[in-house]
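Residue numbers (the working numbering): 1316 to 1740. Even for Gly, the Cβ is constructed at its ideal location relative to N, Cα and C. Below is one structure, written out as structure tokens; the observations come after it.
In structure tokens form, the structure reads like this:
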């Protein structure tokens, strides 16, 4: 069968898989909107709002390995259908959660969504390489990955226009309300998430049905003998361990900065509604997307470790400006930092995988588990914000980027020359 015929054979599966990249990008960045919404609706501290990301990334952390095992044992179709059903179930759970008005119920729903996304992310990248001619695999994967930043931007826009309100009440105004009026205000903010997530859940469910009937490559069971020992063997590779630790800090910085961008904007621009503050989050994601393509192009001229070091320094400086200077200048610095965060995840990943050979699958699983940093460090930033202010909390990402810098310098000295080419993540 020719390459063109093979590609055409799997066109429906390719289209569906590209949509998966969009769907999980949307889910991830809707969380940043939810943090602002729940802070107002449930009168939460910054630390309490971080539970959104803690519940979400705990789902990723706990299901990453089981999802990989299901994909290996049962194939891509089973993994994707399972992931979409869990994603849809979590989104639909927002409806009863809003009805009862309990923050804990929303956290449980987010955990279920993340469990589904663990299945989707584990299977989608390798699947795209098998959906047609191997000669066009890189092209297909790049098209699929390009859908992810589109999804992140869509998530922010959905949140801005369908969840966040333009209503701004200071504490004194809320305190002056009658009990009935105050309850009605909080209630209206809680139920604002109901319809958007209901629609998302139903749409994702339709994708699950489509995945169940679409033709995928025939599943071939993989050899599992020696798998446990292989996973232990990865701990003999110091750069991989350093990459895993670095990824923990990088993901923590990225998630923390985006989670509190709206909060930072409101704190530094008096009177700004979260509806307007979301524009700064939108700008951050646009710059992040631009940086991915620009950074990837620059790697043709600048060695990846060196470019990673440069971007880490610039990110640390900008996060430091956000932490020490504040105000409108700090806000602009916070937004601009996303441009230089763009290449860091895939480059750390690629450098960590360098020289692993047959241990690459086990090494990849270890690095992916490091995204739990998004839960841990966002919580730390929330706690610091409650104690010393949101500006001070932005110094946490600044320190995280210094860890990335140290890794880049070390990796540049020990690179074997067999580095896996970084891809847009």
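#### Entry: Segments of 4+ residues assigned as alpha helix (DSSP H) that fall wholly inside the stretch 1584 to 1663
1589 to 1613, 1619 to 1639 and 1642 to 1656
### Query
If you draw a straight line from the alpha carbon of residue 1435 to that of residue 1493, how long is it in whole angstroms?
47 Å
### Message
When you compare the CB positions of residue 1421 and residue 1412, do they come within less than 8 Å of one another, or not?
### Response
yes
### Message
Spatial neighbours of residue 1707 within its chain, please: C-beta separation below 8 Å, excluding the five flanking residues on both sides.
### Response
1638, 1699 and 1700
### Task
Identify, in the order they occur along the chain, each residue of the same chain with its Cβ nearer than 6 Å to the Cβ of residue 1379, setting aside the five sequence neighbours on each side.
1433, 1683 and 1684
### Buried or exposed (CB count within 10 angstroms, at least 16 for buried), residue 1723
buried
### Query
Can you give the Cα-Cα distance for residue 1418 and residue 1447, rounded to whole angstroms?
45 Å
### Task
Starting from residue 1700, follow the alpha helix (DSSP H) in both directions and report where the run begins and ends.
1688 to 1703
### Query
Given that a residue counts as buried once 16 or more other Cβ atoms are within 10 Å of its Cβ, and exposed if not, what is residue 1468?
buried
### Task
Pull up the distance between the alpha-carbon of residue 1632 and that of residue 1721, whole angstroms please.
15 Å
### Cβ-based burial, residue 1521 [other Cβ within 10 Å; buried from 16]
exposed
### Query
Taking all protein chains shown into account, do 16 or more other C-beta atoms lie within 10 angstroms of the C-beta of residue 1533, making it buried, or fewer, making it exposed?
exposed
### Query
At which residues does the alpha helix (DSSP H) containing residue 1348 begin and terminate?
1326 to 1356
### Message
Could you tell me the alpha carbon to alpha carbon distance between residue 1652 and residue 1719, rounded to whole angstroms?
### Response
14 Å
### Query
If you draw a straight line from the alpha carbon of residue 1606 to that of residue 1490, how long is it in whole angstroms?
44 Å
### Task
Drop a sphere of 10 angstroms on the beta-carbon of residue 1503, count the other beta-carbons inside from all chains shown, and report buried for 16 or more, exposed for fewer.
exposed
### Query
For residue 1533, does the three-state DSSP call read helix, strand or coil?
coil
### Message
Assuming residue 1360 is part of the alpha helix (DSSP H), what are its boundary residues?
### Response
Looking at the DSSP string, residue 1360 is not in any alpha helix (DSSP H), and its letter there is neither H nor E.
### Task
Return the residue from the list 1476, 1387 and 1523 that minimises the CA-CA distance to residue 1442.
1387
### Task
Give the DSSP-derived three-state secondary structure of residue 1473 in the structure shown.
helix
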